[in-house]
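As given, the protein sequences belong to chains A and B, one line each in that order. Residue numbering for the first sequence follows the numbering used here, starting at 3 and increasing by one per position. Residue numbering for the second sequence follows the numbering used here, starting at 3 and increasing by one per position. The structure under discussion appears below in the form of structure tokens.
There are 2 protein chains.
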Amino acid sequence: MTIPFPGLEVRGSKSGKPIMALLDLLGRTWSLGIIWHLHSGPATFRELQQRCEKISPTLLNTRIKELKALQLVECKGVGYQLTHQGRDLFDIISPLGSWSSRWAQVLKEDSK
Amino acid sequence: MTIPFPGLEVRGSKSGKPIMALLDLLGRTWSLGIIWHLHSGPATFRELQQRCEKISPTLLNTRIKELKALQLVECKGVGYQLTHQGRDLFDIISPLGSWSSRWAQVLKEDSK
DNA sequence: CACCATGCTACAATATTTGTAGCATGGTTA
DNA sequence: TAACCATGCTACAAATATTGTAGCATGGTG
């Protein structure tokens with residue numbers, strides 16, 4: 003898969019709109035998970051693999067390359083970590099944590 | 003793929019944590035796109051297909067089933083639309099729109 | 001009844017993801 | 001200095017997910 007740069011055609015849209023590139027990226031397996039798990043601090047390749055529990059090294063490396071090219075993740079001395087932009091993005095999606103708990107509650111109620 | 007219900011094992015986690023179910027769901031091809039495109043109003047199956055530009059009917063139907071089971075999308079007289087919970091979720095991710103524009107700006111600057 | 005449009009299924013072709021093995025590099029430690 | 005690690009990462013075949021096209025079934029409308 004090619005890296006979904008804003009401005010280029012991506013899966014789901016030929017428009018080049020940034021949001022479409024972003025939705026393509028985040029819709030790829032593990033992208034969101036990697037960002038989510040990196041928020042708890044920098045991690046080495048192998049540690050990130052463990053945080054993700056079941057990601058294959060092949061795919062982890064592919065996703066890392068994409069996230070680096072799109073400046074959301076960087077590799078410094080301490081290991082992989084979110085860039086400034088990556089943290090900004092995380093800040094937007096972080097409410098998903100508490101939202102998902104309420105959602106789970108509702109689903110549970112309704113299944114009774 | 004099984005539907006990622008909170009409480010069950012999902013791709014990426016055996017913990018049953020709601021956030022992991024959500025990240026699994028949103029990380030599936032087109033999930034985010036469908037939610038994004040439904041925000042602009044209810045749509046019939048075929049119209050939703052057009053909004054998504056390139057989704058296959060097979061997959062659209064699969065995703066719809068998942069999103070319905072998880073109470074994010076419903077099918078009423080007017081067609082498919084976001085549920086109350088679906089709109090709540092959209093509200094969380096909607097800042098991605100303007101964020102992605104700034105992100106695209108930065109990527110553009112840096113590529114000079 | 002002929003004609004549409006709709007929601008959706010079938011299914012083979014294609015693309016993505018996994019799982020396992022293991023290579024290459026760069027420290028330790030004996 | 002050589003036998004050990006752990007690390008980042010690649011290879012590659014098997015398993016899964018997604019696409020693309022065709023078209024069926026149903027419910028209007030003229």
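The beta carbon of each residue, even a glycine, is placed where N, CA and C say it ideally should be. Since this is a predicted model, take the numbers as computed values, not measurements.
Distance from the Cα of Leu40/A is smallest, within the candidate group Leu91/A, Trp101/A, Ala106/A, for Leu91/A. Secondary-structure assignment with DSSP links Gln83/B through a beta bridge to Glu76/B. Listed along the chain, the chain A residues whose CB falls inside 9 Å of the CB of Ile66/B amount to none; the nearest CB is some 16 Å away. Considered as a whole, the region 10 to 70 of chain A harbours 20 to 28, 33 to 40, 47 to 53 as its complete alpha helix (DSSP H) runs of no fewer than 4 residues, in chain order.
Rounded to the nearest angstrom, the gap between the Cα atoms of Gly29/B and Gly9/A is 22 Å. Taking 8 Å as the cut-off, the Cβ atoms of Glu68/A and Ile21/A do not count as close. Leu34/B and Phe7/A do not touch by the CB rule: their CB atoms are close to 18 Å apart, not below 8 Å. Annotation: Thr85/A to His86/B spans about 34 Å, alpha carbon to alpha carbon.
If you draw a straight line from the Cα of Gln51/B to the Cα of Asp112/B, it is about 35 Å long. For Lys110/B, the uninterrupted alpha helix (DSSP H) run begins and ends at 98 to 112, by DSSP.
With contacts defined as CB atoms closer than 8 Å, Lys56/B and Gly14/A qualify as a contacting pair. DSSP places Ile5/B outside both helix and strand once states are collapsed to three, so it counts as coil. Taking the Cα positions, Val75/A is about 36 Å away from Ala45/B.
Out of Ser102/A, Ile36/A, Asp26/A, the CA that lies nearest to the CA of Gln73/B is found in Ser102/A. Considering only beta carbons, the part of the region 38 to 52 of chain A lying closer than 7 Å to chain B consists of Trp38, in chain order.
For Ser58/A, not one C-beta of chain B is nearer than 8 Å to its own C-beta.
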